[in-house]
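*Asks:*
Listed below in C-alpha cells is the structure:
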C-alpha cells in the first residue's frame, strides 16, 4: 500500500520511476504524477519504469488507460518498462499490451523460484492426470 | 439530568473520591462520563466545573486555580472536535442507509436464476466483496434454442463502478431484439462505454451465445480473464481462447469471435478476476491452481461446482474476499 | 447607547487584543466563564483567518439587545482573496485540518447565529452573535 515516485529527464521526454504497489489506495498518486507528464508539450515520450513495482491491479491499469487517452491528445508516446510477469499478463489479457508498449523485466532467477515453490506448496489432488495432446 | 443535576452528581463523586481514592468512584466517574458524552456536555464545561467543585472542598492555590483557565481554553478545541465527530457520525449513518437502498436496487439488475433448457444445466454464484458489486452478469433467452451469457467486470471501485452496471445492462437490452453476433455486440458496447465512462475506468467483458440445438458456443472477449472449458471425452480442462481489448479505451474496436462445439458432458466455466486474483499464504494463485480446484469438482452438478469453488477459495484465502467473485458453469447434459 | 469596539487586525498581536477585548466585554455583560472563553475562541478564529489569508481587516464587537435578551455581535471583515467555495469551507472534517477557511464550522458551532458573505477577489465578512443564557 505504499508508493514512491521519481522523475528523470530523458531525451525528448521524462522517465517516471515507480516503486511499491499500485492499487486502489496508491493509484491516485500515480495518476497525479503521470497525467501532468503526458500533458506537457515538451514530453514527446514518457516512459514509466515499474522495475520496483511488486504489485499492480486493475485500478493501476485504469491510471494508464486514462494517461494513454490524454497522451493521444498531445501526441506524447507513453510506454511502460520492466514489468513483472504477472503485471505483463494483466496488460496482455486486457489487450492493453497492443496499444501501450510494455516490456518485461529481464528474467530473474528469484521469480522462477517463486513460481516453482508455490506449485509445490499448493496441495490439490487432481481427479484425472492431464493427458498430453 | 439538567446541568444542575450532573454538576451535583460530579461534585459528589469528586468529593467521595478525594476522601477515599476508591476504584468505586472512578467507576462511577466512568459511568457519568458516558452519560455526559451522550448528552453532549462539552469537555471545557467539565473542566470548568471541576475546578469550581474542587475549590469548594480544597484550598486551592491561586496559581492552580488560574492554571485551570488555561486548561479550559485548551479543552474548547477538543469540544469542537467532539461536536464535529457527532455531526460526521450522523452523516455517515445517512450515507450508509443510502448505499443500502442503492445496493438493493442494484440487485434487481442481476438475475437470480438462469434460463432453463433441457439440454444444459447452469450453475451460478456471484458474491460482492462490499455492499455494491462491480461484477455484472446476465443471461438472455433469444428464442427457444439460443441463450446468451454475459459476464463483465467494471474496473474502478465502489459506487461509480456499480452505476456503470445499469448502463451496460440497458445498452445490452436495447440490442436484444437484433440478431447480433457476440463480436458485434462487444463492438457496440465498446462504443457506448467509451462515450460514457470516466477516464481511467474500463470494463472487461465476456459475451457468448449458446445454441442448445447445435450445441455450438460462439463468444467474444473484451480483455476479460479467460474462462475454462472441459472436454469430457478427454477428461481435460482447457483455457478458453480469448483476445480482445477492454471496453471503453478506444472508440472503434473489432472483436475476434471464437466458436467451439460442445459435446455431451462438456463444461464451460466463466468467471471474473475476483476468482483468479486470490492470495494463498501470501502468494497469488496461478491459473493452474484454479484449474486443479475445478478438476477436483468436475463430477458434481454445475451449481455445486460453482458453490464449492467459491467455498474452497474462501477457505484458502483465509475467509477474505478481496474482490467480487462471480462464476458461471454451463454443462451440456444431453 | 451602543458602544462599538473596532479592532484592526494586522499582526498576530492584534488577534490577542481582539480576543481580550471580546472576553472583557462578555465579562462585563455577565456572560458565564465558559461562554466568555467560547467567544474569545470564536473571535480568535475569525481574526486569525483575516491575519493568515487577507493580511488585514477588522473585528468589530458590539453589545446588542433583542427584547429582553442581551448578546454580543462580532463582525470580522477583510478585503482579502475571499473564499471560492463557501459550502466546502463550511463542511465538517475541515475544522481541524488547517485547510483554507478552516475554523468556520467551529465558529458556527460556538456561536448562536452565524452568517457569511464572501466574494472571491473582493473580500469576506463574517457576522456572529452570542446571546447570554
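Residue numbers (this note's numbering), protein chains in the order written: chain D, 1153 to 1285; chain S, 50 to 383; chain B, 30 to 162. All residues carry an ideal CB built from backbone N, CA and C; glycine is no exception. Keep in mind the model is a prediction, meaning the values are calculated, not measured.
On a Cα-Cα basis, can you pick out the residue from B:63, B:60, B:88, B:59 that is closest to residue 73 of chain B?
*Replies:* Sequence index remark: in the third chain, residue 73 of chain B carries index 44 (1-based). Residue 73 of chain B has its Cα closest to that of B:88, out of B:63, B:60, B:88, B:59.
*Asks:* Report yes or no: do three or more beta-carbon pairs, one from the region 367-383 of chain S and one from the region 58-68 of chain B, lie closer than 8 Å?
*Replies:* Segments in contact, no.
*Asks:* State buried or exposed for residue 304 of chain S, treating a residue as buried only when at least 16 other CB atoms are found within 10 Å of its CB.
*Replies:* Position 255 of the second chain, counting from 1, holds the residue named residue 304 of chain S. Residue 304 of chain S comes out buried.
*Asks:* For the putative contact between residue 1170 of chain D and residue 1157 of chain D, defined by C-beta atoms under 8 Å, what is the C-beta separation to the nearest angstrom?
*Replies:* For the purposes of this step, residue 1170 of chain D is taken as the residue at position 18 of the first chain. For the purposes of this step, residue 1157 of chain D is taken as the residue at position 5 of the first chain. Indeed, because the Cβ distance is near 5 Å, the residues count as touching under 8 Å.
*Asks:* State the Cα-Cα distance for the pair residue 114 of chain S and residue 82 of chain S, rounded to the nearest angstrom.
*Replies:* Residue 114 of chain S sits at position 65 when you count from the first residue of the second chain. Residue 82 of chain S sits at position 33 when you count from the first residue of the second chain. When rounded, the distance between both Cα atoms is 23 Å.
*Asks:* Please report the distance separating the alpha-carbon of residue 1204 of chain D from that of residue 372 of chain S.
*Replies:* Taking the first chain and counting its residues from 1, the one referred to as residue 1204 of chain D is at position 52. Taking the second chain and counting its residues from 1, the one referred to as residue 372 of chain S is at position 323. Taking the straight line joining both Cα atoms gives about 25 Å.
*Asks:* Smallest Cα separation from residue 160 of chain B: which of B:146, B:105, B:56, B:133?
*Replies:* Along the third chain, one-based indexing puts residue 160 of chain B at 131. The shortest Cα separation from residue 160 of chain B among B:146, B:105, B:56, B:133 belongs to B:56.
*Asks:* Listed in chain order, which residues of the region 85-108 of chain S have Cβ atoms closer than 7 Å to some Cβ of chain B?
*Replies:* 93, 94, 97
*Asks:* Does residue 153 of chain S come within less than 8 Å of chain A when only Cβ atoms are used?
*Replies:* Looking for chain A here will not work: the only protein chains present are D, S and B.
*Asks:* Compare the C-beta of residue 385 of chain S with all C-beta atoms of chain D and state if any pair is closer than 8 Å.
*Replies:* Chain S is shown from 50 up to 383; residue 385 of chain S falls before or after that span and cannot be answered.
*Asks:* Would you report the Cα separation of residue 123 of chain S and residue 96 of chain B, rounded to the nearest angstrom?
*Replies:* For the purposes of this step, residue 123 of chain S is taken as residue 74 along the second chain, with counting starting at 1. For the purposes of this step, residue 96 of chain B is taken as residue 67 along the third chain, with counting starting at 1. Answer to the nearest angstrom: the Cα atoms are 34 Å apart.
*Asks:* Checking contacts by CB at 8 Å: is residue 337 of chain S closer than that to chain B?
*Replies:* As a working note, residue 337 of chain S is residue 288 in the second chain. False, the Cβ-Cβ gap to chain B never drops below 8 Å.
*Asks:* Whose CA, out of S:69, S:105, S:87, lies closest to the CA of residue 57 of chain S?
*Replies:* Numbered from its first residue, the second chain carries residue 57 of chain S at position 8. Answer by Cα proximity: S:105.
*Asks:* Give the range of the beta strand (DSSP E) segment to which residue 1350 of chain D is assigned.
*Replies:* What is shown of chain D runs 1153 to 1285, which leaves residue 1350 of chain D out entirely.
*Asks:* May I ask you to report which of helix, strand or coil DSSP gives residue 86 of chain S?
*Replies:* By one-based count along the second chain, residue 86 of chain S stands at place 37. Helix.
*Asks:* With DSSP run on the structure shown, which of helix, strand or coil describes residue 375 of chain S?
*Replies:* Here residue 375 of chain S refers to the residue found at position 326 when the second chain is read from its first residue. Reduced to three states, the DSSP call for residue 375 of chain S is strand.
*Asks:* So residue 1254 of chain D and residue 1208 of chain D are supposed to be a Cβ contact under 8 Å. How far apart are they, rounded?
*Replies:* Mapped onto the first chain, residue 1254 of chain D falls at position 102. Mapped onto the first chain, residue 1208 of chain D falls at position 56. Between residue 1254 of chain D and residue 1208 of chain D the beta-carbon gap is near 11 Å, outside 8 Å, which marks them as no contact.
*Asks:* Which residues share a DSSP beta bridge with residue 72 of chain S?
*Replies:* The residue labelled residue 72 of chain S in the question sits at position 23 within the second chain. BP columns for residue 72 of chain S are empty, so no partner.
*Asks:* Just confirm the distance between the C-beta atoms of residue 156 of chain S and residue 211 of chain S, as a whole number of angstroms; I'd bet it's less than 8 Å.
*Replies:* Within the second chain, residue 156 of chain S is the residue found at index 107, counting from 1. Within the second chain, residue 211 of chain S is the residue found at index 162, counting from 1. A Cβ-Cβ separation of about 11 Å leaves residue 156 of chain S out of contact with residue 211 of chain S under the 8 Å criterion.
*Asks:* Does the CB of residue 162 of chain S have a neighbour CB from chain B at under 8 Å?
*Replies:* Residue numbering aside, residue 162 of chain S sits at position 113 when the second chain is read from its first letter. It does not: the Cβ of residue 162 of chain S has no partner Cβ on chain B nearer than 8 Å.
*Asks:* Could you name the residues of the same chain whose beta carbon sits closer than 8 Å to that of residue 49 of chain B, not counting the 5 residues immediately before and after it, in chain order?
*Replies:* Along the third chain, one-based indexing puts residue 49 of chain B at 20. So the qualifying residues of the chain are 69.
*Asks:* Given a limit of 8 Å on CB to CB distance, which residues of the region 261-275 of chain S reach chain D?
*Replies:* 271, 272, 273, 274, 275
*Asks:* Per the contact definition of three or more C-beta pairs closer than 8 Å, is the region 324-331 of chain S in contact with the region 361-377 of chain S?
*Replies:* Output reads yes: the region 324-331 of chain S touches the region 361-377 of chain S.
*Asks:* For residue 151 of chain B, name the three-state secondary structure that DSSP assigns.
*Replies:* Residue mapping note: residue 151 of chain B aligns to position 122 of the third chain, counting from 1. Looking at residue 151 of chain B - three-state DSSP - the assignment turns out to be coil, as it is neither helix nor strand.
*Asks:* Would you say the region 182-196 of chain S touches the region 34-44 of chain B, given that touching needs at least three Cβ pairs under 8 Å?
*Replies:* Of all C-beta pairs linking the region 182-196 of chain S to the region 34-44 of chain B, fewer than three are shorter than 8 Å, placing the two stretches out of contact.
*Asks:* Within the continuous beta strand (DSSP E) that includes residue 35 of chain B, where are the two ends?
*Replies:* Residue 35 of chain B sits at position 6 when you count from the first residue of the third chain. Here the beta strand (DSSP E) through residue 35 of chain B covers 34-38.
*Asks:* Under 8 Å between C-beta atoms, does residue 1239 of chain D make it to chain S?
*Replies:* Position 87 of the first chain, counted from the first residue, corresponds to residue 1239 of chain D. Not closer than 8 Å to any Cβ of chain S, the Cβ of residue 1239 of chain D fails to qualify, so no.
*Asks:* From residue 265 of chain S to residue 1251 of chain D, what distance separates their C-alpha atoms?
*Replies:* Here residue 265 of chain S is taken as the residue at index 216 of the second chain, counted from 1. Here residue 1251 of chain D is taken as the residue at index 99 of the first chain, counted from 1. Distance between the alpha carbons of residue 265 of chain S and residue 1251 of chain D: 32 Å.
*Asks:* Take the Cβ of residue 256 of chain S as the centre, count every other Cβ of all protein chains shown within 10 Å, and call the residue buried at 16 or more, exposed below.
*Replies:* To locate residue 256 of chain S, count along the second chain from 1; it is residue 207. Buried, since its Cβ has 16 or more Cβ neighbours within 10 Å.
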